[in-house]
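Using the working numbering, read the sequence shown as starting at 670 and increasing by one per residue. Data block below; observations after.
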Amino acid sequence: MKHTLDKIKLSLNEMFSNSSDLTIKDIILKSNYKIKGAVITIEGLCSKDELAQSVLNPLMMHDFGTSTPQAALETILTSVSGSCDMTRFNSTQELIAFITSGFAVIALDGCDDMIAVGVQGYSYRSVSEPESEVVQRGAREGFTEPLRVNMSMIRRRMKNPDLIFEQLTVGTESKTQIMICYLKHCASPSLVKKVKTRLNECQLPTIFASGYLSEYLEDKSTSRLFSGVGISERPDTVCGKLTEGRIAIIVDGTPAVIIIPRLFVEEFQGVDDYSNRSYYATLIRLIKYLSFFFAVFAPALYVALAQFHPEYIPTWILIKTSESLAVTPLPVTLEVLLITFIYEIMKEAGLRIPKSLGHAVSIVGGLVVGESAVNAGIITASTLMVVATAAISSYVTSPLYPPVTILRVILIITAGVAGLWGIVLVTAVTIISMCSKTSLGVPYMSSLSPFSLRSMRDVFIRASWKKLGSHTIRVQKFPETEEK
């Protein structure tokens, strides 16, 4: 179907309601037939210099002679424009997708097709070190917001033709572009198919962050506390996971990449583990596991022992704890919950307020919640110490902070009602639900359940690179998930 300029401009003005950022520049090509054309862009998404050098100047200076509009279009594709990013298309939907992505679209009156030229030039944050995944050794760059920049950072590290990028559009209103990234010889075709199916089923109107897609990628499970979808801001981390058969999903406008499937034991692994010597990496990893269990169980055990099982507390500690609890007005369970919630309030305040006021929150928290509250007899020093240490320990495994916080509160309440038996019950239910959870069909608790001796070399300990490099374990090869 031949497109007329008047019809194209009328259609665009109706769809964009004459929006002021829609720019349509009429041109007349130098030819015997005075071919009419237009260059369509969205203001603010294109580089004006690139637009002039790659599109406008070549079009206005070239002599098309006796070429027809269709022949002129072919000439533009082959010998006029100097851009290497050119795409031919013929639908209105593609036209809208291109101009809203920073392309300049060339339309000629009476031509079947149009040409999209890549002249993107919008402002974006430069590549910098990610704040949530700081490392002592290794690269100091993390993902940024533009989709193409993030793709290039992965491609630069994986110089392999088997690295595949497949583009999808999600969000019925936002039309957000995403890229499914995987290594063809590593990723299971069935896993790739599952990811595509679930993304196509996503019918959210807007998608502005990776978290919008997480629930659609999750398997149906009784466990909602822990996620089988990982998020990373580091390209080197993503590349390492791709070699294990994982699938990465890059969302345009988000400085973080989704990694799926995700296993529980990976929450305790870090980039520095593989940069340091194995014995030191093993020590750090054990500290992470201990910190996780302390963050979850310490406040609840303190409540259970102080309220129901004082006989398990050493005498000299029991005497001091009993004396301090006797002079405070609140029961130990309520006291622990109160301090926990106050700490969460302080944390949220520290995140939301301007950085210039952050020191004020720290000072007020240290003086009022800490020293003043203890001296006034509102809370006990031992309670404050246990809750504060548990809160600090939860940051050692920062990706697990949300489930750790929820579990901590549940266990505190249960310990205040049923003591140690309540803690045992909640722990058993949590472990059962975690063991039943899967991520794209891969057991979430692999390599612990089902148990895999070979993959245990990178769970509690980190074996030497000679052992780790001898055989790469891929997620689809875990027990119960190997393809038939």
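Where is the CB? At the ideal position from N, CA and C, for every residue including glycine. Small disclaimer: the values here were computed from a predicted structure and weren't measured.
Extract the residue ranges of the alpha helix (DSSP H) inside the stretch 715–785, only unbroken runs of 4 or more that lie entirely within it. 717–720, 726–730, 738–744, 761–768, all fully within the stretch 715–785.
Would residue 805 be called buried (16 or more neighbouring beta carbons within 10 Å of its own) or exposed? By the neighbour-count definition (other C-beta atoms within 10 Å, threshold 16), residue 805 is an exposed residue.
Are residue 902 and residue 801 closer than 8 Å when you measure CB to CB? Yes. Within cutoff.
How about residue 931 and residue 897: do their beta carbons lie closer than 8 Å? Contact: yes.
Proximity of residue 1091 and residue 1099 at Cβ, strictly below 8 Å: With respect to residue 1099, residue 1091 sits apart: the two C-beta atoms are not nearer than 8 Å.
In the DSSP output, which residue or residues are listed as bridge partners for residue 845? Beta-bridge annotation (DSSP): residue 845 is paired with 839.
Using a threshold of 8 Å, state whether the C-beta atoms of residue 848 and residue 820 are closer than that. A contact, by the Cβ cut-off of 8 Å.
Name the DSSP beta bridge partners of residue 1053, please? Answer is none; residue 1053 lacks a bridge partner.
Residue range of the alpha helix (DSSP H) that includes residue 674: Per DSSP, residue 674 is one residue of the alpha helix (DSSP H) stretching across 674–684.
Please list the terminal residues of the continuous beta strand (DSSP E) segment that includes residue 813. Going by DSSP, residue 813 is part of no beta strand (DSSP E) at all; its letter is neither H nor E.
Just to confirm the assignment, what range does the beta strand (DSSP E) spanning residue 862 have? Segment 858–869 is the alpha helix (DSSP H) holding residue 862; no beta strand (DSSP E) there.
8 Å Cβ cutoff met for residue 1155 and residue 714: Outside the displayed range of the chain (670 to 1153) lies residue 1155, so it cannot be described from this structure.
Where does residue 1117 sit, in a helix, a strand or coil, going by DSSP? Here DSSP, grouped into helix, strand and coil, assigns residue 1117 to strand.
Measure from the alpha carbon of residue 1069 to the alpha carbon of each residue in 974, 894, 922, then state which is nearest. Nearest of 974, 894, 922 to residue 1069, Cα basis: 894.
Quick one: residues in its chain with C-beta nearer than 8 Å to the C-beta of residue 1088, no 5 flanking neighbours on either side, listed in chain order? If we look at residue 1088 and ignore the five residues flanking it on each side, its Cβ neighbours are 973, 976, 977, 978.
Do residue 791 and residue 933 have their CB atoms nearer than 8 Å? Not a contact, by the Cβ cut-off of 8 Å.
What runs of the beta strand (DSSP E), each 3 residues or longer, lie entirely inside the stretch 933–971? Unbroken beta strand (DSSP E) runs of no fewer than 3 residues, entirely contained in the stretch 933–971, are not found.
Could you check which residue in 689, 770, 824, 813 has the C-alpha nearest to that of residue 911? Scanning 689, 770, 824, 813 for the CA closest to the CA of residue 911 turns up 824.
Can you check which of these residues, 703, 999, 1125, is closest to residue 736 by C-alpha distance? Of the listed residues, the one whose Cα sits closest to residue 736 is 703.
Do the stretch 673–681 and the stretch 748–759 meet, that is, are 3 or more Cβ pairs less than 8 Å apart? Output reads no: the stretch 748–759 does not touch the stretch 673–681.
Measure the alpha-carbon distance for residue 1001 versus residue 962 and round it to whole angstroms. Approximately 21 Å, taken between the alpha carbons.
Beta-carbon proximity list for residue 964, same chain, < 6 Å, skipping 5 on both sides: So the list reads 1059, 1062, 1063, 1073, once near-sequence residues are dropped.
Whose C-alpha, out of 693, 1015, 870, 1067, is nearest the C-alpha of residue 936? Closest option to residue 936, Cα to Cα, is 1067.
Contact under 8 Å by Cβ, residue 916 with residue 856: Between residue 916 and residue 856, the gap from beta carbon to beta carbon is short of 8 Å.
8 Å Cβ cutoff met for residue 750 and residue 803: Going by C-beta atoms, residue 750 is not nearer than 8 Å to residue 803.
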